[in-house]
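Working notes for the structure below.
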Amino acid sequence: MNKMLTKKRSLVFFMVPQFTMLPFSAAIDTLRIANRMLGYQAYTWRLTSVDGNKVYSSCGIGVEANSSLAEERRHLSGENRPSMVLVCSGIDVEDFNNKSVNAWLRESYNRGVAVGSLCTGAHVLAQAGLLNGKRCAIHWENLPGFSEAFPQAEVYADLYEVDSNLYTCAGGTASLDMMLNLIGQDFGEALVNRVCEQHLTDRVRSPHDRQRLPLRARLGVQNAKVLSIIELMEGNLAEPLSLLEIADGAGLSRRQIERLFRQEMGRSPARYYLEIRLDRARHLLVQSSMPVVEVAVACGFVSASHFSKCYRELYNRSPQQERAERKLTIATARQAIAA
Numbered sequence: 001m002n003k004m005l006t007k008k009r010s011l012v013f014f015m016v017p018q019f020t021m022l023p024f025s026a027a028i029d030t031l032r033i034a035n036r037m038l039g040y041q042a043y044t045w046r047l048t049s050v051d052g053n054k055v056y057s058s059c060g061i062g063v064e065a066n067s068s069l070a071e072e073r074r075h076l077s078g079e080n081r082p083s084m085v086l087v088c089s090g091i092d093v094e095d096f097n098n099k100s101v102n103a104w105l106r107e108s109y110n111r112g113v114a115v116g117s118l119c120t121g122a123h124v125l126a127q128a129g130l131l132n133g134k135r136c137a138i139h140w141e142n143l144p145g146f147s148e149a150f151p152q153a154e155v156y157a158d159l160y161e162v163d164s165n166l167y168t169c170a171g172g173t174a175s176l177d178m179m180l181n182l183i184g185q186d187f188g189e190a191l192v193n194r195v196c197e198q199h200l201t202d203r204v205r206s207p208h209d210r211q212r213l214p215l216r217a218r219l220g221v222q223n224a225k226v227l228s229i230i231e232l233m234e235g236n237l238a239e240p241l242s243l244l245e246i247a248d249g250a251g252l253s254r255r256q257i258e259r260l261f262r263q264e265m266g267r268s269p270a271r272y273y274l275e276i277r278l279d280r281a282r283h284l285l286v287q288s289s290m291p292v293v294e295v296a297v298a299c300g301f302v303s304a305s306h307f308s309k310c311y312r313e314l315y316n317r318s319p320q321q322e323r324a325e326r327k328l329t330i331a332t333a334r335q336a337i338a339a
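Numbering (my numbering), first residue to last: 1 to 339.
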């Protein structure tokens, strides 16, 4: 029998509490469909947690584990060593930091096991020191906090990245795309196309496709000049550009830019620039543990007091209240799941 047709790959899905169900189930079901199309169990998997107990996803559904971290560490030296380990996480991944997990991931990678992540799992891989100098992907909502926490990682707002036996994806349906890439490596495009037909997916997305809608669709703005100015603003949040610098970059006068933003965005360019800086600050406050003063600096504010004043004016609460409310929401959700 053709060697490719009998190829097998075993995977371990490590579940972090509050993992996101969609990328987790999309990844596993893509492998299941590939097995069905092939007619044999080319892909096998087991589910793992730190203690081997059930793990609850962010939607409250509990998933039983097949093994514990201790068992998986023993498997690395035996016949049950996996081909790939995938960390599955989701919201509040910043709260998860387990030294034993970090050591297991490093050992797995050093023994030639492919290591990857779904959704926000790149955060766990970075904690383990595996992403220094490596390309990686993470969900766009977590990208600002991740890039601040792990500056040595080369993080991109791509659907997925593959770099030196490290696989990371942004979550959602991007895990489907990353699994299709894996299946293509193992069995070729013919099988990928058959799996896509079963998924009712009309195309295989490139790893570098956008996670978010293009600005034109996201903002409902058609004016190319305004869109180019907004892209310039979004690329310079830590060190905001002056309106004169923006005008030079756009090839327009300050008055023209003021008029365009009033017409298209209903506010001045300065106001819009402030709002997108504060939006990034909000993501950092709820998705990272950075001190408020560091969040202020990362978003281009010269002082914490000015940052707090602007934040309160836009969101009707201080940065400290934002973070406190987020912690309360998390604690309430956890109590509800435990009950």
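We put the CB at the ideal spot given by N, CA and C, even for glycine.
Note that the structure is a prediction, hence the values are computed from the model and not measured.
Report all residues from its chain with a CB closer than 6 Å to the CB of F19; omit the five preceding and five following residues, and keep chain order.
Within the sequence shown, residue 19 is the residue found at index 19, counting from 1. Hits under 6 Å: S57, C88, S89 and G90.
State whether the stretch 247 to 260 contacts the stretch 108 to 121, with contact taken as three or more CB pairs (one from each stretch) at a distance under 8 Å.
no
Do L105 and L86 have their C-beta atoms closer together than 8 Å?
Taking the first residue of the sequence shown as 1, we reach residue 105 at position 105. Taking the first residue of the sequence shown as 1, we reach residue 86 at position 86. No. Outside cutoff.
From M1 to L180, what distance separates their C-alpha atoms?
The residue labelled residue 1 in the question sits at position 1 within the sequence shown. The residue labelled residue 180 in the question sits at position 180 within the sequence shown. Confidence at M1 is low in this model, with a pLDDT of 44, below 50, so its placement is unreliable and the value that follows should be read with caution. Distance between the alpha carbons of M1 and L180 is about 24 Å.
What separation, rounded to the nearest whole angstrom, lies between the Cα atoms of F301 and S67?
As a working mapping, residue 301 is identified with position 301 in the sequence shown. As a working mapping, residue 67 is identified with position 67 in the sequence shown. Distance between the alpha carbons of F301 and S67 is about 48 Å.
DSSP-derived helix/strand/coil call for Q320:
Counting from one through the sequence shown, the residue named residue 320 turns up at place 320. Helix.
DSSP bridge partner residues for F19 (one or two, in chain order):
Against the sequence shown, residue 19 aligns to sequence position 19. DSSP output for F19 lists S57 and G90 as bridge partner(s).
Assign Y273 to one of three DSSP states: helix, strand, or coil.
As a position in the sequence shown, residue 273 is number 273, starting the count at 1. DSSP places Y273 in helix when its eight states are reduced to three.
With respect to the beta strand (DSSP E) encompassing R163, which residues constitute its N-terminal and C-terminal limits?
Here residue 163 refers to the residue found at position 163 of the sequence shown. A small fix is needed here, since residue 163 is Asp in this sequence, not Arg. From DSSP, the beta strand (DSSP E) with D163 extends over Y160 to D163.
Ordered along the chain, which non-local residues of its own chain (more than five positions away) have a Cβ less than 8 Å from that of S164?
For the purposes of this step, residue 164 is taken as the residue at position 164 of the sequence shown. If we look at S164 and ignore the five residues flanking it on each side, its Cβ neighbours are K134.
Helix, strand or coil at M37 [DSSP, three-state]
For the purposes of this step, residue 37 is taken as residue 37 along the sequence shown, with counting starting at 1. Reduced to three states, the DSSP call for M37 is helix.
Using the Cβ count rule (16 or more neighbours within 10 Å means buried), how would you classify I183?
If you number the sequence shown from 1, residue 183 lands on position 183. Buried, since its Cβ has 16 or more Cβ neighbours within 10 Å.
Within this structure, are the beta carbons of L237 and G145 separated by less than 8 Å?
Position 237 of the sequence shown, counted from the start, is the residue given in the question as residue 237. Position 145 of the sequence shown, counted from the start, is the residue given in the question as residue 145. No, they are not a contact pair.
L143 lies in the alpha helix (DSSP H); which residues open and close that run?
In the sequence shown, residue 143 corresponds to position 143, counting from 1. Segment L143 to A149, the alpha helix (DSSP H) holding L143.
Based on DSSP bridge pairs, tell me the residues matched to W45.
Counting from 1 along the sequence shown, the entry for residue 45 is found at position 45. Partner(s): L11.
Flag this pair as touching only if the stretch 194 to 205 and the stretch 148 to 158 have three or more C-beta atom pairs under 8 Å; answer yes or no.
no
What residue range does the alpha helix (DSSP H) around C169 cover?
In the sequence shown, residue 169 corresponds to position 169, counting from 1. Taken as a continuous stretch (DSSP letters only), C169 belongs to no alpha helix (DSSP H), being part of the beta strand (DSSP E) at L166 to C169.
Three-pair Cβ contact test at 8 Å for the stretch 20 to 32 versus the stretch 93 to 111
no
Quick one: what does DSSP say R135 is sitting in, helix, strand or coil?
Indexing the sequence shown from 1 puts residue 135 at position 135. Of the three classes helix, strand and coil, the one that applies to R135 here is strand, per DSSP.
Given 7 Å as the limit, tell me if D163 has its C-beta closer than that to any heavy atom belonging to the ligand SAH.
The ligand SAH is not part of this structure, which contains no ligands at all.
Buried or exposed: where does H139 fall if 16 or more other Cβ atoms within 10 Å of its Cβ makes it buried?
By one-based count along the sequence shown, residue 139 stands at place 139. Buried: at least 16 other Cβ atoms inside 10 Å.
How many angstroms separate the CA atom of S242 from the CA atom of N193?
Taking the sequence shown and counting its residues from 1, the one referred to as residue 242 is at position 242. Taking the sequence shown and counting its residues from 1, the one referred to as residue 193 is at position 193. Those two C-alpha atoms are separated by around 50 Å.
Using the C-alpha atoms, what's the distance from I276 back to E234?
Mapped onto the sequence shown, residue 234 falls at position 234. Mapped onto the sequence shown, residue 276 falls at position 276. Cα-Cα distance, rounded: 7 Å.
Length of the line joining the Cα atoms of M265 and Y272
Here residue 265 refers to the residue found at position 265 when the sequence shown is read from its first residue. Here residue 272 refers to the residue found at position 272 when the sequence shown is read from its first residue. Taking the straight line from one Cα to the other gives about 8 Å.
Check the C-beta distance from E72 over to V12 and give it rounded, since I have them as a contact under 8 Å.
Mapped onto the sequence shown, residue 72 falls at position 72. Mapped onto the sequence shown, residue 12 falls at position 12. Right, their Cβ atoms sit about 6 Å apart.
Reducing DSSP to helix, strand and coil, say where G184 ends up.
For the purposes of this step, residue 184 is identified with residue 184 of the sequence shown, where counting begins at 1. Helix, per DSSP.
Within its chain, find whatever has a CB closer than 6 Å to the CB of L176; leave out the 5 residues flanking it on each side and keep chain order.
Your numbering for residue 176 matches position 176 in the sequence shown. So the list reads A26 and T30, once near-sequence residues are dropped.
Between the CA atoms of T48 and M15 - distance to the nearest angstrom:
As a first step, residue 15 is located in the sequence shown; it is residue number 15 there, counting from the start. As a first step, residue 48 is located in the sequence shown; it is residue number 48 there, counting from the start. Looking at the two C-alpha atoms, the distance is approximately 6 Å.
Given that a residue counts as buried once 16 or more other Cβ atoms are within 10 Å of its Cβ, and exposed if not, what is S100?
The count along the sequence shown starts at 1 and reaches residue 100 at position 100. So S100 ends up on the exposed side.
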